[in-house]
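All remarks here apply to the structure that follows.
Numbering (the UniProt record's numbering), first residue to last: 1 to 101.
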């Protein structure tokens with residue numbers, strides 16, 4: 001099975017700075033850059049590869065959340081839903097959790 005193309009980032013924006021473009025308080029991308037969304041790639045049972053994409057909507061406020069499945073040749077859209085807000089979070093294990101066995 002052919003591996004999916006993984007786009008290479010030319011510039012990284014910290015998650016905390018990633019706001020919808022309509023928010024005037026948000027940090028804007030550098031001149032000539034455009035916020036195109038972000039992706040999360042994951043594999044189920046070491047076989048099926050998926051990605052979740054979040055892209056700004058052009059037909060209203062918020063974002064499109066889309067789940068795609070890798071077919072072996074291309075990404076196939078499986079589900080697309082409008083969402084009003086996204087708040088990416090990274091969960092970390094704390095020192096307290098280490099001692100709570």
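No residue lacks a Cβ here, since even glycine has one placed at the ideal position from N, Cα and C.
Residue environment analysis places residue 57 among the exposed positions, since fewer than 16 neighbouring C-beta atoms fall within 10 angstroms of its C-beta.
Residue range 48-56 is occupied by the beta strand (DSSP E) that includes residue 55.
Beta bridge pairing from DSSP links residue 67 with 52, 79.
Cβ-Cβ distances below 7 Å link residue 67 to 50, 52, 78, 79 in the same chain, with the five nearest sequence neighbours on each side left out; the list follows chain order. Only residues of its own chain outside the window of five on either side were considered, and among them 53, 54, 55, 56 have a CB closer than 7 Å to the CB of residue 37, listed in chain order.
Taken through DSSP and simplified to helix, strand or coil, residue 43 comes out as strand.
Contact between residue 85 and residue 62 holds: CB atoms are separated by about 7 Å, below the 8 Å threshold.
Taking C-beta separations shorter than 6 Å and ignoring five residues to either side along the sequence, the partners of residue 42 in its chain run 50, following chain order. The residues 68, 69, in chain order, have a CB closer than 7 Å to that of residue 76 in the same chain once the five nearest residues on each side in sequence are set aside. Taking 8 Å as the upper bound for CB-CB distance, residue 82 and residue 64 are in contact here, some 6 Å apart.
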